[in-house]
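Asker: There's a structure below that I have some questions on.
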Amino acid sequence: MKRIAVAIIVSGFAYAGVADGFNTSWGSGWRVSVGGAMNGNMRTKAGLRADGAWRRAIPARAAVPSGASRAEAQAAGDAYDSIGSGRVAFPGGGFIDPESSRTEPGTWNWYLPPGALDGGSRMTIVNSYSEGDGHESFRRVSSSDDDYAAGFNVSLERELWRNGDFGVDLGFGFSYFINRGFFKAAGTAYTGSQSGESGDYVTDIAFSPAVVGDPWSQNADGSYGAGTYDGPGPVLNLGAGDVAVSHRWANTSSSASSLSRSLYVEGDYEEIEMTFAAKPFWDVADWFRVRGTLGVAVSRAHFKFDVDGNGYSSRQRFDDWSVYGVAGIGGMFRWNGLCLGVDVLARFLDDDVEIRGRDVRGTVDRAPWMLTVSLGYEF
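Shown next, in the form of structure tokens:
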């Protein structure tokens, strides 16, 4: 499509060159103009990538506690409540087994290793737990803007052909546009929370002092009980309360933390545009001219995006070269070589600008129209 537009314009130039009234004098028919320009309705849709490089700015989070859960620690301690209904093993090799060859009440099939009891007659078993939970969420910070860009325009035109009040000018134009802060977006890009809990589930197994305090119950190595099915040895009467089990929580602690990160992105824009166009005109009066424009434009758009927030900062630049068509209509007031013109130009066959950066992604729709107001001199 762009090639078709170029072909149409070139054909127009060729026709103008062979038609009657072609201006062959290089010393006349010139016009130099300078003035203001406005790019309109430049639409931007962009945002921060959820997996962008800014994630490196998030502080390293402590590992979520891992280990036995509170429920698992409690279940391990509560297992000792079964003493008397089956064999129960203790840390260090101790055990109580109600099954023995003894015919009278009680069992001598039990054993406690050296140091199993505290200064009294109690065995303490600690089941520790440590558990936690953590959540992270990355959000896209995005926005859309429809903005304008002011600038200036310089043009050089020459009358190429005339037939009465009608003719064609050939022109070259240079425009420059700038808009600082044409795109802005801000918001929370990251949230994270973490919680943890730890402690001990303590099981106290109290033995009858009358049993473990009897010298006959303690072995030469400091252990207790016969530890055999056939005995004989000191007797634990489980049904008479020689062993009592209780539980308690100890050394419990909990923690919770949360973190959020907000980011701000601002985009700057500038563009240079060069147009090559044929400008057919009609002199309605000596002092006023109506003219059109049909041509080709070559532009270079430059975008700069700054991302800041919570200690993170980055700058990314993007350049886009493009070729497209321009067409429009305008009017010009003329007096003693001076001229004041207003033109409205539309762009066609142009492509959107794709923004693909490590932090920022989106599209920028090139302004579909341009307005120029210029003051010129004809010679």
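Once you know that position 216 of the sequence shown is 1231 in my numbering, the rest is easy, because the numbers rise by one and skip nothing.
Idealized CB from N, CA, C, for every residue including glycine.
Is it true that the segment 1178-1197 meets the segment 1062-1076, where meeting means three or more beta-carbon pairs spaced less than 8 Å apart?
Answerer: no
Asker: With DSSP run on the structure shown, which of helix, strand or coil describes Asp1093?
Answerer: Helix at Asp1093.
Asker: Taking the alpha-carbon of Asp1367 as reference, which of Gly1377, Ala1235 and Ser1232 has the nearest alpha-carbon?
Answerer: Gly1377
Asker: Given this structure, state the Cα-to-Cα distance separating Asp1219 from Pro1247, to the nearest angstrom.
Answerer: 27 Å
Asker: Nearest CA to the CA of Val1379: which residue from Asn1056, Thr1039, Phe1037 and Trp1045?
Answerer: Comparing Cα positions, the closest option is Asn1056.
Asker: Below 7 Å between beta carbons: does that hold for Ala1312 and Tyr1279?
Answerer: no
Asker: To which residues does DSSP link Ser1116 through a beta bridge?
Answerer: In the DSSP output, where bridge partners are listed per residue, Ser1116 has none listed.
Asker: From Trp1041, Ser1043 and Ala1052, pick the residue whose C-alpha is nearest to that of Asp1358; which is it?
Answerer: Ranking the options by Cα distance to Asp1358, first place goes to Ala1052.
Asker: Val1047 and Tyr1392 look like a contact to me (Cβ under 8 Å); what is the Cβ gap, rounded to whole Å?
Answerer: 6 Å
Asker: What separation, rounded to the nearest whole angstrom, lies between the Cα atoms of Ala1361 and Val1341?
Answerer: 6 Å
Asker: Can you tell me whether DSSP reads Gly1254 as helix, strand or coil?
Answerer: helix
Asker: How about the segment 1248-1258 and the segment 1086-1105: do they share at least three Cβ pairs that are nearer than 8 Å?
Answerer: yes
Asker: Please report the straight-line C-alpha distance between Phe1296 and Tyr1205, rounded to a whole angstrom.
Answerer: 59 Å
Asker: Give me, in chain order, the residues of the same chain whose beta-carbon lies closer than 6 Å to that of His1317; leave out the 5 immediate sequence neighbours on both sides.
Answerer: Glu1285 and Asp1334
Asker: Check this for me: beta carbons of Ser1157 and Gly1310, under 7 Å apart or not?
Answerer: no
Asker: Ser1395: buried (16+ other C-beta within 10 angstroms of its C-beta) or exposed?
Answerer: Nothing can be reported for residue 1395, as the shown portion of the chain is limited to 1016 through 1394.
Asker: So, Ser1145 versus Gly1092, is the Cβ gap smaller than 7 Å?
Answerer: no
Asker: Which residue or residues does DSSP assign as beta-bridge partners of Arg1315?
Answerer: Paired residue(s): Ile1287 and Trp1336.
Asker: In terms of residues, what are the limits of the beta strand (DSSP E) holding Ala1225?
Answerer: It is not in any beta strand (DSSP E) - Ala1225 instead sits in the alpha helix (DSSP H) that spans Pro1224 to Val1227.
Asker: Under 6 Å Cβ to Cβ from Asp1257, same chain only, skipping five residues before and after it: list those, please.
Answerer: Ser1223, Val1226 and Leu1251
Asker: So the candidates are Asp1215, Asn1351, Ser1040 and Arg1064; which of them puts its Cα closest to the Cα of Ser1143?
Answerer: Among Asp1215, Asn1351, Ser1040 and Arg1064, the Cα nearest to that of Ser1143 belongs to Asp1215.
Asker: Just to confirm my understanding: we take Tyr1327, look at its own chain, exclude 5 residues before and 5 after, and list those with CB closer than 6 Å. What are they?
Answerer: Trp1069 and Ala1072
Asker: Is the separation between the beta-carbon of Phe1394 and that of Trp1176 shorter than 7 Å?
Answerer: no
Asker: Specify the secondary structure class of Gly1107 as computed by DSSP and reduced to three states.
Answerer: helix
Asker: Candidates Val1388, Gly1282, Asn1266 and Gly1108: which alpha carbon is nearest Asp1374's?
Answerer: Of Val1388, Gly1282, Asn1266 and Gly1108, the residue nearest in Cα terms is Gly1282.
Asker: Just reading off the beta strand (DSSP E) that Arg1046 is part of, what are its end residues?
Answerer: Trp1045 to Leu1063
Asker: Who are the near neighbours of Glu1114 in its chain, counting only those whose CB is closer than 8 Å to its CB and skipping five residues on each side?
Answerer: Arg1102, Thr1122, Asn1124 and Tyr1244
Asker: I'd like to confirm the pairing. Which residues does DSSP put opposite Phe1296 in its beta bridges?
Answerer: Gly1182 and Arg1306
Asker: Buried or exposed: where does Ala1382 fall if 16 or more other Cβ atoms within 10 Å of its Cβ makes it buried?
Answerer: buried
Asker: Relative to the C-alpha of Gly1242, which residue among Ile1140, Leu1355, Ala1065 and Tyr1126 is closest?
Answerer: Tyr1126
Asker: Between the Cα of Asp1180 and the Cα atoms of Ser1152, Asn1194 and Ala1300, which residue gives the shortest distance?
Answerer: Selection Ser1152, Asn1194 and Ala1300 evaluated against Asp1180 yields Ala1300 as nearest (Cα-Cα).
Asker: What's the C-alpha gap between Arg1371 and Gln1331?
Answerer: 10 Å
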